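Shown next, in structure tokens, is the structure this report addresses.
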Amino acid sequence: MSSWSPLNNPGPYHILGYGTLLGTQIFNSFIAGIVSFAALPRPQFASLQSKLFPVYFSMQTALPVVLAVTYPGDSLTSSSISGVLDLSTRYSVLAPIVTMGICGAANLLVIGPATTKCMRERKHQETRDGKKSYDAGPHSPEMQRLNKQFGKLHGASSIVNLISVIATIVYGVTLGNRL
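Number 11 in UniProt numbering belongs to position 11 of the sequence shown; there are no gaps in the numbering.
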């Protein structure tokens with residue numbers, strides 16, 4: 001009797017982790033955010049995003065680790081981390097997985113919190129100015145500064161997110177070529 005069991009095979013976990021990551025990225029980046037922005041008033045949209053983004057960025061950070069741990073080796077490479085670190089997979093596996101993880105962590109730990117802090121500061125400035133940050137100008141110099149800062153942070157987060165999505169798709173091509 002063999003000790004092999006489908007539950008001991010990392011492949012299904014790897015595919016499920018990959019599918020969850022890519023599906024979450026595509027849905028959150030290109031569907032949920034756009035629909036929510038169109039359907040909700042700005043304060044509710046901002047509130048929703050401030051709750052969703054930490055979960056999303058946590059998934060973008062954790063799932064690449066799952067991919068590395070469950071990497072299904074082939075006849076040339078080992079399974080798990082050792083296969084990911086193998087020199088032969090440096091560009092096709094290691095680089096995209098590391099890129100995904102770094103992008104998720106950057107948004108989770110640095111860019112996301114800075115954006116949330118800026119949003120809070122804009123909310124306080126709205127109270128002081130008696131005018132919403134997104135209302136037609138003119139705005140106070142402080143609100144102008146905060147709007148510019150928010151735009152830069154939001155842009156940086158979007159670019160980092162897009163890099164992560166691209167890295168995930170690149171890795172998907174590598175994974176698909178193994179089928």
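Cβ atoms here follow ideal geometry from the backbone N, Cα and C, with glycine treated the same way. No experiment lies behind these values; they were computed from the predicted model shown.
Exercise for the section: Can you give me the Cβ contacts of Ala-46 inside the same chain, cut-off strictly under 7 angstroms, excluding the 5 residues immediately before and after it? Expected result: In the sequence shown, counting from the first residue as 1, residue 46 sits at position 46. Contacts found: Met-119.
Exercise for the section: Identify whether Arg-90 lies in helix, strand or coil by the three-state DSSP scheme. Expected result: Walking along the sequence shown from the start, residue 90 turns up at place 90. It is helical.
Handout entry: Phe-37 and Gly-112 closer than 7 angstroms at C-beta
Key = Position 37 of the sequence shown, counted from the first residue, corresponds to residue 37. Position 112 of the sequence shown, counted from the first residue, corresponds to residue 112. Not closer than 7 angstroms, so no.
Problem - Through-space distance from His-14 to residue 203, alpha-carbon basis - result: Any answer about residue 203 is impossible in this case: the structure gives the chain only from 1 up to 179.
Handout entry: DSSP three-state assignment for Arg-128, whether helix, strand or coil
Key = The count along the sequence shown starts at 1 and reaches residue 128 at position 128. In this structure, Arg-128 counts as helix in the three-state DSSP scheme.
Exercise for the section: Classify Gly-33 as buried or exposed, calling it buried when 16 or more other Cβ atoms lie within 10 Å of its own Cβ. Expected result: Within the sequence shown, residue 33 is the residue found at index 33, counting from 1. Result: buried.
Practice task
Excluding the 5 residues preceding and the 5 following Asn-9 in the sequence, name in chain order all residues of the same chain whose CB lies nearer than 6 angstroms to its CB.
Solution key: For the purposes of this step, residue 9 is identified with residue 9 of the sequence shown, where counting begins at 1. Apart from sequence neighbours up to five positions away, no residue of its chain approaches Asn-9 with a beta-carbon distance below 6 angstroms.
Practice task
Would you check if the stretch 56-66 and the stretch 89-104 touch, i.e. whether three or more CB-CB distances between them fall below 8 angstroms?
Solution key: Counting C-beta pairs with one atom in each stretch, the stretch 89-104 and the stretch 56-66 have three or more that are closer than 8 angstroms, which means they touch.
Handout entry: the stretch 78-90 touching the stretch 150-167, judged by at least three CB pairs closer than 8 angstroms
Key = Put simply, the stretch 78-90 does not touch the stretch 150-167. Fewer than three CB pairs are less than 8 angstroms apart.
Exercise for the section: For the alpha helix (DSSP H) holding Asn-107, just list the boundary residues, first then last. Expected result: Counted from its first residue, the sequence shown places residue 107 at position 107. For Asn-107, there is no enclosing alpha helix (DSSP H), since its DSSP letter is neither H nor E.
Practice task
Answer yes or no: do Ala-68 and Val-84 have a C-beta to C-beta separation smaller than 7 angstroms?
Solution key: By 1-based counting over the sequence shown, the position of residue 68 is 68. By 1-based counting over the sequence shown, the position of residue 84 is 84. Yes, the pair counts as a contact, with Cβ atoms nearer than the cut-off.
Practice task
Scan the stretch 3-33 and note each continuous beta strand (DSSP E) run of 3 residues or more that stays entirely inside, going in chain order.
Solution key: Annotation note: the stretch 3-33 contains no uninterrupted beta strand (DSSP E) run of length 3 or greater.
Exercise for the section: Closer than 7 angstroms by C-beta to Tyr-18: which residues in its own chain qualify, once you throw out the five before and the five after it? Chain order, please. Expected result: Here the question's residue 18 lines up with position 18 in the sequence shown. These residues qualify, in order along the chain: Leu-67, Gly-172 and Leu-175.
Practice task
Let me know the secondary structure DSSP gives Ala-95 once reduced to three states.
Solution key: Position 95 of the sequence shown, counted from the start, is the residue given in the question as residue 95. Reduced to three states, the DSSP call for Ala-95 is helix.
Problem - Among Gly-23, Phe-30, Gly-104 and Gly-73, the one whose alpha carbon lies nearest that of Ala-156 - result: For the purposes of this step, residue 156 is taken as the residue at position 156 of the sequence shown. Out of Gly-23, Phe-30, Gly-104 and Gly-73, Gly-104 has the C-alpha closest to the C-alpha of Ala-156.
Exercise for the section: Grab me the residues of Gln-149's own chain with a C-beta within less than 8 angstroms of its C-beta, minus the 5 sequence neighbours each way, in chain order. Expected result: By 1-based counting over the sequence shown, the position of residue 149 is 149. Sequence-distant Cβ neighbours of Gln-149 in its own chain, meaning closer than 8 angstroms and more than five residues away, are Cys-118.
Problem - As assigned by DSSP and simplified to three states, the class of Arg-122 - result: For the purposes of this step, residue 122 is taken as the residue at position 122 of the sequence shown. Arg-122: helix per DSSP, three-state reduction.
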